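If you're matching positions, the sequence shown starts at 5 in our numbering and goes up one per residue. Built from N, CA and C at the ideal position, the CB exists for glycine as well. Since the structure is predicted, the reported quantities are computational estimates derived from the model, not experimental observations. First the structure, in the form of structure tokens, and then the observations on it.
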Amino acid sequence: MSLFQTRAWQDAWWKFWGDTPGFRRIDSFPGGNDLYIDHYRLKNVLPVSCLQFVGTSYRRISTPRTEYNGFDGNQRPPLDRLQWSEAVFADMVDGSDDMAWLLVLARAHGWPVRRVATDIAYAIDTLGDFAEYLASLGKGTRLRLFNRRSVLEQCGEVVMDNWWPQKPDGFFELLNRFHLERWGQPCFNATSTAFHLEFLRQLEQEGGTPELSVLSVAGRPVSVLYNVRYRNTVYNLQAGYIEHLHKKIALGTLHLGYSIEAAFANPGARLFDMLAGGGKNEDYKARLATRQLPLVSLMLVRNPVFKALYWLKDFRDRKREHGTSGV
Numbered sequence: 005m006s007l008f009q010t011r012a013w014q015d016a017w018w019k020f021w022g023d024t025p026g027f028r029r030i031d032s033f034p035g036g037n038d039l040y041i042d043h044y045r046l047k048n049v050l051p052v053s054c055l056q057f058v059g060t061s062y063r064r065i066s067t068p069r070t071e072y073n074g075f076d077g078n079q080r081p082p083l084d085r086l087q088w089s090e091a092v093f094a095d096m097v098d099g100s101d102d103m104a105w106l107l108v109l110a111r112a113h114g115w116p117v118r119r120v121a122t123d124i125a126y127a128i129d130t131l132g133d134f135a136e137y138l139a140s141l142g143k144g145t146r147l148r149l150f151n152r153r154s155v156l157e158q159c160g161e162v163v164m165d166n167w168w169p170q171k172p173d174g175f176f177e178l179l180n181r182f183h184l185e186r187w188g189q190p191c192f193n194a195t196s197t198a199f200h201l202e203f204l205r206q207l208e209q210e211g212g213t214p215e216l217s218v219l220s221v222a223g224r225p226v227s228v229l230y231n232v233r234y235r236n237t238v239y240n241l242q243a244g245y246i247e248h249l250h251k252k253i254a255l256g257t258l259h260l261g262y263s264i265e266a267a268f269a270n271p272g273a274r275l276f277d278m279l280a281g282g283g284k285n286e287d288y289k290a291r292l293a294t295r296q297l298p299l300v301s302l303m304l305v306r307n308p309v310f311k312a313l314y315w316l317k318d319f320r321d322r323k324r325e326h327g328t329s330g331v
């Protein structure tokens, strides 16, 4: 079970977005994602009943990303007895037992299956020795992750603090400010920030440990890492930092280096999970990772009209791709 399948994540997500018009929760499934059906009209015309994992939303609303989704292997839901026109199961592990079960079920009922998205999640095994891990990296990556610490220390005293539970509001204010300066928009809006605070408060009751890491130089906060330790994994959910502190320093990567080293030093941590998604200018996760996990989002189509519409759409897309490739 991943961080995203905890009651803390599932219940907090539903608390803040479950009252969206058309949402109806189905059941709770300990060990897997809960399910809900979203009733709406596509382009204000075509009625849709979309079955989905709690924590995800196809087409309708934007919320913090929920990854590693799946079902309770001991109590999988009776999908054939639920009333839905299409089902979208986002960010499942490609090749997992849950995915295999879905494909078998879809084939048995004649439901077409479409891959609507793919991605890759990146992680670092932390059971070994940190020095050996560093030695396995390329020279440039090792320089950015670890060797530039001496340059950072020349800028002033380097201090790392965990702002949980004393200053979580201040942490998210910093994260949003750093993102605003770098990306032109905050990381989280007010609702998403409230969701994360609620999630973190609940997570401690399930044995999770928030790690709101703030790196300060000469008394000034310059970088933040939003980490959460759950079971044997440290999840890195977000990061933010000021740019141009020093021309030789990749501040975000350097801060990651401190957190990764701490995970290696923690006997209870086996994995430092950077999740899916890339950086602004480079695919830094791929260079740091020792493990890559493909994610896939599957759509199952039940309604006959939708089957015809999606068949036509997929046919046109294939034809367009074929035409492009022949240029």
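- Just measuring C-alpha positions, the residue of Glu-157, Phe-276, Arg-322, Gly-272 sitting nearest Leu-255 is Glu-157.
- Leu-313 sits away from His-259, with the two beta carbons spaced by 7 Å or more.
- DSSP lists Asp-42, Glu-90 as the bridge partner or partners of Cys-54.
- The residue from Arg-181, Asn-48, Tyr-72 with its alpha-carbon nearest to that of Val-228 is Arg-181.
- Runs of the beta strand (DSSP E) lying entirely within the region 221-267, each at least 3 residues long, are 224-234, 237-245 in chain order.
- In the structure shown, Gln-296 falls within a strand segment according to DSSP collapsed to helix, strand and coil.
- Between the beta-carbon of Leu-86 and that of Leu-55 there is about 6 Å, and that keeps the pair under the 8 Å contact cut.
- Secondary structure note for Val-162: it is in no alpha helix (DSSP H), and the uninterrupted beta strand (DSSP E) holding it is 162-166.
- Straight through space, the alpha carbons of Asn-37 and Thr-294 are spaced by roughly 27 Å.
- Between Pro-25 and the set Tyr-44, Ser-217, Glu-215, the nearest pair of CA atoms involves Tyr-44.
- Taking 7 Å as the cut-off, the Cβ atoms of Ser-89 and Ser-53 count as close.
- Between Leu-204 and Pro-190, the gap from beta carbon to beta carbon reaches 7 Å or more.
- The three-state secondary structure of Pro-68, taken from DSSP, is coil.
- Just so you know, the alpha carbons of Ala-198 and Thr-60 end up roughly 17 Å apart.
- Judged by DSSP in its simplified three-state form, Asn-37 adopts coil rather than helix or strand.
- A Cβ-Cβ contact shorter than 7 Å links Met-303 with Arg-118.
- The alpha carbon of Glu-286 has as its nearest neighbour, out of Glu-208, Thr-257, Thr-195, the alpha carbon of Thr-257.
- Secondary structure of Asn-270 (DSSP, three-state): coil.
- In its chain, beyond the 5 residues on either side, Asp-129, Thr-130, Leu-131, Asn-236, Thr-237 have a beta carbon closer than 8 Å to the beta carbon of Arg-274.
- Taking 7 Å as the cut-off, the Cβ atoms of Val-162 and Lys-252 do not count as close.
- Scanning the region 81-158 from its first residue to its last, the whole alpha helix (DSSP H) runs of 4-plus residues come out as 101-113, 134-140, 143-146, 153-157.
- The same chain holds no residue with a CB closer than 6 Å to that of His-200 once the five nearest residues on each side in sequence are set aside.
- Rounded to whole angstroms, the separation of the alpha carbons of Tyr-239 and Val-305 is 33 Å.
- Counting C-beta atoms within 10 angstroms of its own C-beta, Glu-136 has fewer than 16 neighbours from the protein chains shown and is therefore classed as exposed.
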